[in-house]
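For what it's worth, my numbering labels the leading residue of the sequence shown as 8, then goes sequentially. Built from N, CA and C at the ideal position, the CB exists for glycine as well. Computed from a prediction, not measured in an experiment: that's the story for all the values here. Report on one structure; see the data block that follows.
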Amino acid sequence: RMVKLAEFLAKGDQTRAHLILRPREAVTFALKDAVAPLLGAEYDHAFRWDNLGRDGREALYCSELVAKLLNQFLTQDLPTKLMDYTENRESWERYFRGDVPDGLPGNSPADFEKSSQFKRIGTYQDGVWNWN
Numbered sequence: 008r009m010v011k012l013a014e015f016l017a018k019g020d021q022t023r024a025h026l027i028l029r030p031r032e033a034v035t036f037a038l039k040d041a042v043a044p045l046l047g048a049e050y051d052h053a054f055r056w057d058n059l060g061r062d063g064r065e066a067l068y069c070s071e072l073v074a075k076l077l078n079q080f081l082t083q084d085l086p087t088k089l090m091d092y093t094e095n096r097e098s099w100e101r102y103f104r105g106d107v108p109d110g111l112p113g114n115s116p117a118d119f120e121k122s123s124q125f126k127r128i129g130t131y132q133d134g135v136w137n138w139n
């Protein structure tokens, strides 16, 4: 579902800076039109790159949705990586109930920050926008 940015930011840790990134490649699209086919998709709690939800549509987790949305408009797709859940292993074991998707393709929010395909344009912290 669509969530207003203010609502999303209010749910997070207000003391941590949220990075604001943009693709280095100039992309133009109408977000509402581009995201419309993805609205209502089931959230992918299993963090699998290509799997179906109960309704037969692709289930998506947050960074997967962003990557697949942007890949429609970028000349070079955002890459996946083989996921590694070694850090905080016990928490992941509990979350996935022992079926941790190690070694399967995927991505995470940190991958956008580390990617050369994105540039940092600012931060948001404690209700203040800081632009580079």
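Could you tell me if D51 is buried or exposed, where buried requires 16 or more neighbouring beta carbons within 10 angstroms of its beta carbon?
buried
Is the region 112-120 close to the region 62-75, with three or more CB pairs under 8 Å?
yes
Which residues mark the beginning and the end of the alpha helix (DSSP H) in which L77 is found?
C69 to N78
Candidates L72, A33 and A41: which alpha carbon is nearest R55's?
Nearest C-alpha to R55: L72.
Does the count of Cβ pairs from the region 126-137 and the region 88-97 closer than 8 Å reach three?
no
Considering only C-alpha positions, which residue in the set E120, K88, I128 and S123 is nearest to D109?
K88
Can you say whether L12 is buried or exposed, counting buried as having 16 or more other CB atoms within 10 angstroms of its CB?
exposed
Alpha carbon to alpha carbon, what distance is there between K126 and R29?
Straight-line Cα distance between these residues: approximately 5 Å.
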